[in-house]
Amino acid sequence: MDLATLAQVLDSTLRLATPLLFACLAGLISERAGVFDIGLEGKILAAAFLAAAIAFVSGNVWLGVLAGIAVSVCMSLIHGVASITFRGNQLISGVAINFLAAGLTVVIAQNWFQQGGRTPSLTGDARMPTIDLPFAEALADVPVIGPVYGIFSGHAPLVYLAFLCVPATWFLLFRTRFGLRLRAVGENPAAVDTAGVSVIGLRFGAVAICGVLCGLAGAYLSTGLSAGFVKDMSAGRGYIALAAMIFAKWRPWHAMGAVLLFGLLEAVANRFQSIELFGLALPVQVMQALPYILTVVILAGFVGRAIPPRAGGSPYVKEH
Amino acid sequence: MTAVTDHATRQETAASTSSVPPAIELRGISKAFGPVQANKNISITVQRGTIHGIVGENGAGKSTLMSILYGFYKADAGEVFINGKRTDIPDSLAAIRAGIGMVFQHFKLVENFTVLENVILGAEDSALLGPSRRRARGVLKQLASDFELEVDPDALIEELSVGHQQRVEILKALYREADILILDEPTGVLTPSEADHLFRILRGLKEQGKTIILITHKLREIMDVTDAVSVMRRGEMVATRETAKTSPTELAELMVGRKVLLRVEKTKAQSGDEVLRVEDLRLVDAQGVERLRKIGFSLRAGEILGIAGVAGNGQSELLEVLAGLREAEGRVWLRGNPLPLSGPECNGQARRAMRIAHVPEDRHRRGLVLPFHAWENTALGYHNDPRYNPSPWRMDGAAMVADTAAKMERFDVRPPNPQLPAEGFSGGNQQKIVLAREIEYGPDLLLVGQPTRGVDIGAIEFIHQRLIELRDAGAAILLVSVELDEILSLSDRILVMFDGRIMGERMADATDAKELGLLMAGMTET
Chain A
1 MDLATLAQVL DSTLRLATPL LFACLAGLIS ERAGVFDIGL EGKILAAAFL
51 AAAIAFVSGN VWLGVLAGIA VSVCMSLIHG VASITFRGNQ LISGVAINFL
101 AAGLTVVIAQ NWFQQGGRTP SLTGDARMPT IDLPFAEALA DVPVIGPVYG
151 IFSGHAPLVY LAFLCVPATW FLLFRTRFGL RLRAVGENPA AVDTAGVSVI
201 GLRFGAVAIC GVLCGLAGAY LSTGLSAGFV KDMSAGRGYI ALAAMIFAKW
251 RPWHAMGAVL LFGLLEAVAN RFQSIELFGL ALPVQVMQAL PYILTVVILA
301 GFVGRAIPPR AGGSPYVKEH
Chain B
1 MTAVTDHATR QETAASTSSV PPAIELRGIS KAFGPVQANK NISITVQRGT
51 IHGIVGENGA GKSTLMSILY GFYKADAGEV FINGKRTDIP DSLAAIRAGI
101 GMVFQHFKLV ENFTVLENVI LGAEDSALLG PSRRRARGVL KQLASDFELE
151 VDPDALIEEL SVGHQQRVEI LKALYREADI LILDEPTGVL TPSEADHLFR
201 ILRGLKEQGK TIILITHKLR EIMDVTDAVS VMRRGEMVAT RETAKTSPTE
251 LAELMVGRKV LLRVEKTKAQ SGDEVLRVED LRLVDAQGVE RLRKIGFSLR
301 AGEILGIAGV AGNGQSELLE VLAGLREAEG RVWLRGNPLP LSGPECNGQA
351 RRAMRIAHVP EDRHRRGLVL PFHAWENTAL GYHNDPRYNP SPWRMDGAAM
401 VADTAAKMER FDVRPPNPQL PAEGFSGGNQ QKIVLAREIE YGPDLLLVGQ
451 PTRGVDIGAI EFIHQRLIEL RDAGAAILLV SVELDEILSL SDRILVMFDG
501 RIMGERMADA TDAKELGLLM AGMTET
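Protein chains in written order, with our numbering: chain A, 1 to 320; chain B, 1 to 526.
Next up, the structure:
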């Protein structure tokens, strides 16, 4: 493998990790507040569809991104009303959202565009632009530094935003009043309640942030990573993000590491159709299955004990 | 910031009036949960700078009343006056602003946060945590030196002892500049020395002019630290007394509504043959700590052997080993037959078949399945009884319900409803269900741990009488309790455990709390 190929793989690792990173941080914030969210997948899918649809109709990708965020936040709030206000089961509510998104996106896409449940391809301003970092052009021919710098240059703005969200999430959780309360409400909501702070308000806040981040994940998927929406395009990314979150034990920096690992596996699978390992040719299907195999391995607990927030999954009921 | 200004105005209003208004006055408070009237038209006045006790049986409505005062519940009717000023308390934030702090029976702490984080939670100065942390560190240092409230601000809550966790709760209230401190059953989880320390802290706070409300069911604590005491019974306030002018007997009568025997009446034991013989019993736990260090004793029929000791000195392990819940090394005989201490024959079922009954220390974790009906709980462990199983493929639910109803009547379980889930009963009635199950099968040996923990006075009297009756019927009883009074009044013979060893043996009628206390603290016999 030469340096150029490596740079190419790493470049696509960053892009593939981006939707995972948004979704992983979304799940992390929601779960830190004690609301399990298995509906990341559905929200990504719904946001991907609406972002692509609005971007196509309006010809402006940013209107699409806003629409994606809006639909994702709406779905988050549905999850919030069901599981926070009405104290429903968080898993059931999340699964319902996934089904809702999987069905509705295809039906509405077919009704609007008549293209078999997909949106038309996005071109021009309906596609997400890329940003070239300064001096990328000039440095391109410098050995080593050029290609390495090139890995970080030429991505969509949402890629940079996703990676900026990592320190931002860390800061929010561990250095601000909101973060302290948010973590507390996921561990022991009664402590927050008796301290005179609204448990319901905090959890809705967390769920709303989760919605915004999932919206960004979906919008990037359909307008940045590809050019248009196709059926089931989230392809389990919501679940992989959950796996990465558990792998990272609900810590932002570790989450970034985890999604980069998943992104790398996906990038390698995309780049090499078959790989020769110790004289044995691995078919491409094996490579493509790797992220999912890793997910199973992680969720089976091979990464050591992951302790979720203690009040996670249970609605808050005042009792005595 | 608002809390500080509120605080200042309160003090001004207090100073401007010539006679000091009471810190708290509740007028006509009522609260119903569905059909249950938890508080009925309650009025109470608590004077400033005093320690005011509230006693009552479980379910008398003490905690409900305090939760209303702290804004945790909303009263259906009634008024609250704080320092003479009518105050609405719709939520906990309002209570905190009014200068009220509460230490709940079950602490409201975030276990994997540090002490500092728990203290500032909800009382942060600004959107960023840095300034709050720095200020809180200073305030904690000051409070620690003022009131003997030393806690490491950077320790995680889950690493602290229960006594220290309670200090954090008190610190939380003081950090919010609480003038009025409510403590709900604060000593239930404390060792005697921790409890003494707590009372020193409370007296110190009182000297600083703070008002303290102490909810408890332990009359001795009331007599020791309070200035006045109010008694609640079935949702009503039945009396308020100056502590100096009342007695435990009077208070107990007021609580229960009838005469109560605080001292158990029993005849001298008619001990018979040796039932249990223990030699060289040794237990090493998973962490490699030696919990039982080769202990030995014997127990005769018709005798109650009390094991005294501060919690965590091996008594729990001893009970578990004898009940077949834990494997150990050593030799144990039941009526001369060796008792397996490990292997497949060492389990609860096999022990029950040998007529060993066990009333576990923690009835919620080991004694009952809380969401199950009472009739299912009375069959637990005895579900293979032929009476419940008329044929191999069917259990007779009706017979189990009828059997439970009969047991409930004999043990005065209230409400006597076999269909109610176990969690629907008060602590005392839950314990009666467990006792009924274990005693009614007529065991040769009864292992009983903390028989009256969290149980109210009326039920304690009943449970004690039942244990004495069982003894007089010829059973051997091994009693483990951290309540020294209970050990002294029930036992015929007493062993004191310390650090996995037996420190000494005394006849119950030839010793006292002082002597046992020394042994419990590990002082060797001279």
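Quick reminder that beta carbons are idealized off the backbone N, C-alpha and C, glycines included.
CB-CB under 7 Å to residue i, same chain, minus the five flanking residues each way: which ones, in chain order?
| i | result |
| --- | --- |
| Ser16/B | Confidence at Ser16/B is low in this model, with a pLDDT of 41, below 50, so its placement is unreliable and the value that follows should be read with caution. If we look at Ser16/B and ignore the five residues flanking it on each side, it has no Cβ neighbours. |
| Asp132/A | Ser153, Gly154 |
| Lys259/B | Glu253 |
| Leu488/B | Ala508, Ala513 |
| Val61/A | Ala55, Asp125, Ala126, Arg127, Met128, Thr223 |
What is the residue span of the beta strand (DSSP E) that residue i lies within?
| i | result |
| --- | --- |
| Arg331/B | 329-334 |
| Arg176/B | Note, Arg176/B: premise wrong, no beta strand (DSSP E); not H, not E. |
| Leu292/B | 290-300 |
| Thr216/B | 211-216 |
| Lys31/B | 24-33 |
| Asp280/B | 274-284 |
| Arg331/A | Because chain A in this structure spans residues 1 to 320, residue 331/A falls outside the shown range and cannot be described. |
| Gln37/B | 36-46 |
| Glu236/B | 236-242 |
| His197/B | Where His197/B is concerned, there is no enclosing beta strand (DSSP E), although the alpha helix (DSSP H) it sits in stretches over 192-207. |
Go through its chain and collect everything with a Cβ distance to residue i's Cβ below 6 Å, but skip five positions before and after it.
| i | result |
| --- | --- |
| Pro21/B | Asn83, Gly84 |
| Ser527/B | No answer is possible for residue 527/B: the residues shown for chain B start at 1 and end at 526. |
| Leu322/B | Leu447 |
| Pro19/A | Ala217, Tyr220, Leu221, Arg237 |
| Gly215/A | Ala47, Gly68, Ile69, Ser72 |
| Glu505/B | Leu495 |
| Met102/B | Tyr70, Ile182 |
| Gly61/B | Ala38, Asn39, Met232, Gly235 |
| Gly209/B | Gly49 |
Can you tell me the Cβ-Cβ gap for residue i and residue j, rounded? I've got them flagged as a contact below 8 Å.
| i | j | result |
| --- | --- | --- |
| Asn112/B | Glu158/B | 6 Å |
| Arg293/B | Glu274/B | Contact doesn't hold; Cβ gap of about 23 Å is too wide. |
| Leu26/B | Ile44/B | 5 Å |
| Thr243/B | Met223/B | 6 Å |
| Leu213/A | Phe22/A | 5 Å |
| Arg471/B | Glu329/B | Actually they are not in contact, since the Cβ atoms of Arg471/B and Glu329/B sit about 30 Å apart, beyond 8 Å. |
| Gln431/B | Pro418/B | About 17 Å; that fails the 8 Å criterion. |
| Arg437/B | Leu380/B | 7 Å |
| Val278/B | Val332/B | 5 Å |
| Pro248/A | Ala241/A | According to the sequence shown, residue 248/A is Ala rather than Pro. Incorrect: roughly 10 Å between the Cβ atoms, too far for contact. |
Would residue i be called buried (16 or more neighbouring beta carbons within 10 Å of its own) or exposed?
| i | result |
| --- | --- |
| Glu148/B | exposed |
| Leu467/B | buried |
| Ala26/A | buried |
| Lys31/B | buried |
| Pro35/B | exposed |
| Leu158/A | buried |
| Asn337/B | exposed |
| Ser247/B | exposed |
| Phe411/B | buried |
| Leu205/B | buried |
| His79/A | buried |
| Met523/B | exposed |
| Ala510/B | exposed |
| Ser83/A | buried |
Taking the alpha helix (DSSP H) that residue i belongs to, which residues open and close that run?
| i | result |
| --- | --- |
| Asn60/A | It is not in any alpha helix (DSSP H) - Asn60/A carries neither H nor E in the DSSP assignment. |
| Gly348/B | 348-353 |
| Leu318/B | 315-322 |
| Asn377/B | 374-377 |
| Ile51/B | It is not in any alpha helix (DSSP H) - Ile51/B instead sits in the beta strand (DSSP E) that spans 51-56. |
| Ile439/B | 427-439 |
| Glu266/A | 252-271 |
| Val455/B | Where Val455/B is concerned, there is no enclosing alpha helix (DSSP H), given that its DSSP letter is neither H nor E. |
| Glu515/B | 513-520 |
| Leu445/B | Not the alpha helix (DSSP H): Leu445/B falls in the beta strand (DSSP E), residues 445-449. |
For residue i, which residues from the same chain have a beta carbon less than 8 Å from its beta carbon, with the 5 sequence-adjacent residues on both sides left out?
| i | result |
| --- | --- |
| Val369/B | Glu376, Asn377, Leu380, Ala422 |
| Ala3/B | Below a pLDDT of 50, predicted positions are generally treated as unreliable, and Ala3/B, at 43, falls in that range; the measurement from the model is reported next regardless. Once the five neighbours on either side are set aside, the close Cβ partners of Ala3/B are Ile96, Arg97, Ala123, Arg176, Glu177. |
Quick one: complete beta strand (DSSP E) runs, 3+ long, within the stretch 476-510 of chain B?
-> 476-480, 493-498, 501-507
Go through the stretch 48-102 of chain A residue by residue and report every complete run of the beta strand (DSSP E) that reaches 3 residues or more, in order.
-> none
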